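The structure appears right after this line, and notes come after that.
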Amino acid sequence: MSTFPQERYDDRARHDGRPQTLRLVVVSAGTSDPSSSRLLADRVAARVESLAGQGGHAVAASVIELRELATEIATAMTSQLTGPRLQAAIDALAAADGIVVSTPVYKAGPSGLFTSFFHVLDNDLLIGKPVVLAATAGTQRHALVADDQMRPLFAYLRTLAVPTSLFAAPEDWGDAALNKRVDRAATELVLLMDSGFARKVRQESWGSYQHELGSANGTETEIDLDTDMMRLATGGSAVR
Amino acid sequence: MQFGIFSVSDITRDPVSGQTPSEAERIDAIVKIARKTEEVGMDVFAIGEHHNPPFFSSAPTTLLSYIAAITKRLVVTTSTTLITTNDPARIAEEYAMLQHLSKGRMDLMLGRGNTAPVYPWFGQDIRQGLPLALENYNLLHRLWREDVVDWEGKFRTPLQGFTSTPRPLDDVPPFVWHGSIRSPEIAEQAAFYGDGFFANNIFWPKEHYQRLIAFYRKRFAHYGHGTPEQAIVGLGGQAYIARSSQDAIKEFRPYFNEAPVYGHGPTMEDFMEMTPLSVGSPQEVIDKTLTFRESFGDYQRQLWLMDHAGLPVGKVLDQLELLGGEVVPVLRKELAARRADGVAEAPTHELLVQAKYGDAQPRQPRPNANRGDNVTGSSPYQDSAQPRAAALREN
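Written out as structure tokens, the structure reads:
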């Protein structure tokens with residue numbers, strides 16, 4: 000059974016009870032600058048920083064604008080080649096303690112750019128990581144996209160989506176209730192980041208998830224020789 | 000060290016002329032390409048196996064035995080032979096026949112095939128592709144080494160008293176390469192049997208192939224076939240050569256942009272940066288190819304993909320002139336000079352005969368007389384072990 004190479008994931012000191020820097024990565028699929036998807040994600044990120052600060056943690060936040068990766072994402076989808084900017088985004092996610100993802104909704108689902116990005120990631124890249132799901136749209140009719148469509152994608156990736164998803168249509172930007180939900184989602188994310196859940200689940204159970212040689216951003220280099228297929232490779236017949 | 004060409008046998012529209020070759024034209028072209036490979040001083044020609052358009056090579060041993068007949072030194076091989084959808088008993092027979100007709104100037108490379116619909120057309124299931132490949136090769140390995148095989152497995156009807164004919168030339172099985180780009184199990188099988196391992200080295204960055212090759216070398220040593228450095232490694236590669244790099248880039252770009260698999264994707268410059276593709280002058284192709292040895296260690300066989308993406312046959316033949324005339328001679332010299340002591344030679348029939356028999360005469364199996372029942376029984380050859388017959392005579 001392989002163990003997760005901890006030094007790649009967590010190359011900084013962690014001591015319980017002492018201030019630590021939490022790595023937050025924002026992924027936005029908005030296409031204008033600034034986009035409402037990015038604005039919504041930034042409000043979550045700001046609340047996360049403030050809440051984490053109250054708990055004595057610094058937050059190092061970085062932003063991945065998928066718009067800038069659009070051609071590399073398309074290339075990865077069609078040619079399985081990872082360009083340098085896409086690789087930098089993957090590296091950031093691999094090191095993240097918490098993630099905020101935000102997408103515009105055009106046609107009753109997350110944008111194709113958004114889903115394409117998550118479809119080209121290794122299945123085991125984000126295991127156990129806490130994620131805030133956020134979506135924006137021009138009409139309230141898309142309000143369930145985050146819970147109905149984004150949540151299953153992040154469940155497949157074995158992430159831990161926080162209980163509160165966020166959605167903002169134009170009228171929400173003038174409604175204080177959106178702020179309340181942002182606060183709630185940020186609180187949930189900070190608690191999960193601070194708990195070290197992702198780190199612990201990887202330490203204790205990494206080998207029980209599916210991996211491929213070279214997956215988890217190239218860190219999965221262990222080869223299990225104690226399998227039926229490996230025994231078959233060295234003579235004999237498959238088990239009937 | 001061997002150098003050569005490998006083709007996937009695609010029939011692709013030439014994006015410059017707009018013409019798509021007919022199957023007949025492309026089959027004629029591949030024979031010219033193979034003949035030219037020998038003429039320009041290279042050693043190996045490999046053809047793929049496919050059972051769907053737009054590919055022509057469904058019957059590789061037929062093509063390769065023809066090519067062997069019109070050449071003198073060229074080693075013919077495959078890239079790859081489908082170990083999943085072919086019956087291993089038929090592979091044993093067909094390639095042993097090719098081995099006899101080519102006087103040992105052949106080997107083969109096994110692969111799984113990744114076209115899902117092909118599997119059910121041949122009664123198989125791609126979801127079982129890996130165990131199918133592993134089990135089929137375990138059987139193939141025995142069929143070439145044991146005169147009479149009793150065998151039972153999961154995927155094929157059992158064999159009782161089966162003799163694969165003809166027995167391999169000089170009773171030395173054809174050398175086998177295992178081609179794989181992602182399965183550690185295939186690398187493990189190659190290492191277990193002391194066979195060769197081939198990485199196509201085309202579409203992805205070198206790190207992708209380094210993991211599997213390093214694993215194969217380590218396991219080759221684990222199973223007692225030699226040191227990791229003595230494992231038998233083959234690599235692919237892809238190049239387009241012209242006198243100047245500007246001309247090479249200008250000429251190849253339209254083919255690159257519309258190539259199957261990677262066309263309409265990354266720019267050619269990015270692709271050259273990220274993958275083993277080299278497009279440039281002979282010196283640039285030499286320099287890039289020399290980096291392969293730095294990445295993967297001393298190796299035994301270098302094959303290039305030169306005839307894909309709709310390049311017209313005339314252009315491919317010009318490419319072979321430059322490759323064989325200017326690139327390969329320098330690589331032969333440079334790689335020989337850098338080669339560590341004790342690294343294995345590229346496997347050939349002569350070397351395998353030498354390894355098995357030394358100065359003794361190779362075994363030449365002669366069948367026993369047909370007993371009229373069309374069943375050869377447990378002792379098909381005059382020198383086969385005959386336990387039952389001996390016991391009967393004693394009574």
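Protein chains in written order, with numbering that gives the first Met the number 0: chain P, 0 to 239; chain V, 0 to 394.
We treat Cβ as the ideally placed atom computed from N, Cα and C, and that holds for glycine.
On a predicted model such as this, the values are computed, not experimentally measured, just so you know.
| How about Gly-55 of chain P: is its C-beta nearer than 8 Å to some C-beta of chain V? | no
| field | Assigned exposure category for Arg-242 of chain V - 16 Cβ within 10 Å defines buried | value | exposed
| message | So, does the stretch 142-162 of chain V touch the stretch 345-355 of chain V, judging by three or more C-beta pairs under 8 Å? | response | no
| Can Leu-125 of chain P and Thr-158 of chain P be called in contact, C-beta distance under 8 Å? | yes
| Using a C-beta cutoff of 8 Å, does Thr-218 of chain P count as contacting chain V? | no
| query | Between Thr-11 of chain V and Ala-45 of chain V, is the Cβ-Cβ spacing less than 8 Å? | reply | no
| query | Over what stretch of residues does the alpha helix (DSSP H) that includes Val-30 of chain V continue unbroken? | reply | 22-38
| Which residues share a DSSP beta bridge with Trp-150 of chain V? | V:Leu-158
| field | Close beta carbons around Glu-283 of chain V, own chain, < 7 Å, minus the five adjacent residues each side | value | Ser-244, Ser-277
| query | Hey, would you say Pro-53 of chain V sits closer than 8 Å to Gly-309 of chain V, going by beta carbons? | reply | no
| Among the residues of its own chain, which have a CB less than 8 Å from the CB of Ala-339 of chain V, if the five just before and after it don't count? | Glu-228, Asp-297
| message | Residues in the same chain with beta-carbon distance under 6 Å from Ala-115 of chain V, minus the five sequence neighbours each way, listed in chain order, please. | response | Ile-125
| task | For Arg-201 of chain P, count neighbouring C-beta atoms within 10 Å of its own C-beta (all shown protein chains included) and say buried if the count is 16 or more, exposed if not. | result | buried
| task | Taking only beta-carbon positions, decide if Leu-159 of chain P is within less than 8 Å of chain V. | result | no
| message | With three or more C-beta pairs closer than 8 Å as the rule, is the stretch 180-198 of chain P touching the stretch 41-52 of chain P? | response | yes
| Along chain V, which residues have their Cβ under 7 Å away from the Cβ of Gln-209 of chain P? | Within 7 Å Cβ-Cβ: nothing; Gln-209 of chain P doesn't reach chain V, min ~14 Å.
| Ala-45 of chain V by DSSP, collapsed to three states: which one? | strand
| task | Report yes if the C-beta distance between His-177 of chain V and Phe-196 of chain V is below 8 Å; otherwise report no. | result | yes
| task | Quick one: list the residues of chain P neighbouring Gly-152 of chain V, beta-carbon separation under 9 Å, in chain order. | result | Gly-235, Ser-236, Ala-237, Arg-239
| message | So within the stretch 181-259 of chain V, which uninterrupted alpha helix (DSSP H) runs reach at least 4 residues, ignoring any that extend past its ends? | response | 183-192, 205-221, 244-256
| 8 Å contact criterion, which Asn-51 of chain V and Val-7 of chain V should meet: CB distance rounded | About 12 Å; that fails the 8 Å criterion.
| Which of the residues in the stretch 118-145 of chain V, read from start to end, lie with their CB under 7 Å from any CB of chain P? | Leu-129, Pro-130, Leu-133, Glu-134, Asn-137
| Helix or strand or just coil, what does DSSP make of Ile-4 of chain V? | strand
| task | Tell me whether Gly-281 of chain V is buried or exposed, calling it buried when 16 or more other Cβ atoms sit within 10 Å of its Cβ. | result | The question names Gly, but residue 281 of chain V in the sequence shown is Pro. By the 10 Å Cβ count, Pro-281 of chain V comes out buried.
| task | Give the secondary structure of Tyr-380 of chain V by DSSP, where H, G and I count as helix, E and B as strand, and everything else as coil. | result | strand
| field | the stretch 143-152 of chain P / the stretch 102-109 of chain P touching (three or more Cβ pairs under 8 Å) | value | yes
| task | Go ahead and label Ser-194 of chain P buried or exposed: buried means 16 or more other beta carbons lie within 10 angstroms of its beta carbon, across all protein chains shown. | result | exposed
| Roughly how many angstroms separate the alpha carbons of Ser-383 of chain V and Ala-359 of chain V, rounded to a whole number? | 18 Å
| request: Might you give, ordered along the chain, the residues of its own chain that have their beta carbon closer than 8 Å to the beta carbon of Gln-209 of chain P, omitting 5 neighbours on each side? | output: Asn-122, Asp-123
| request: Could you tell me whether the stretch 199-212 of chain V touches the stretch 307-325 of chain V, where touching means 3 or more Cβ pairs closer than 8 Å? | output: no
| message | Alpha carbons only, please: which of V:Gly-357, V:Gly-262, V:Pro-253, V:Glu-344 is nearest the one belonging to Val-76 of chain P? | response | Position check: residue 76 of chain P holds Met in this sequence, whereas Val was assumed. Of V:Gly-357, V:Gly-262, V:Pro-253, V:Glu-344, the residue nearest in Cα terms is V:Gly-262.
| request: Check whether the Cβ of Gly-193 of chain V lies closer than 8 Å to any Cβ atom in chain P. | output: no
| Opposite Ser-268 of chain P in the DSSP bridges: which residues? | What is shown of chain P runs 0 to 239, which leaves residue 268 of chain P out entirely.
| query | Beta-carbon of Trp-176 of chain V versus every beta-carbon of chain P: anything under 8 Å? | reply | no
| said: Just verifying my parser: in three-state terms, what is the DSSP assignment at Arg-54 of chain V? | reply: Note on identity: in this sequence residue 54 of chain V is Phe, with Arg being the wrong assignment. Strand, per DSSP.
| query | Just by C-beta distance, which residues in the stretch 205-218 of chain V are closer than 8 Å to chain P? | reply | Glu-206, His-207, Arg-210, Leu-211, Phe-214
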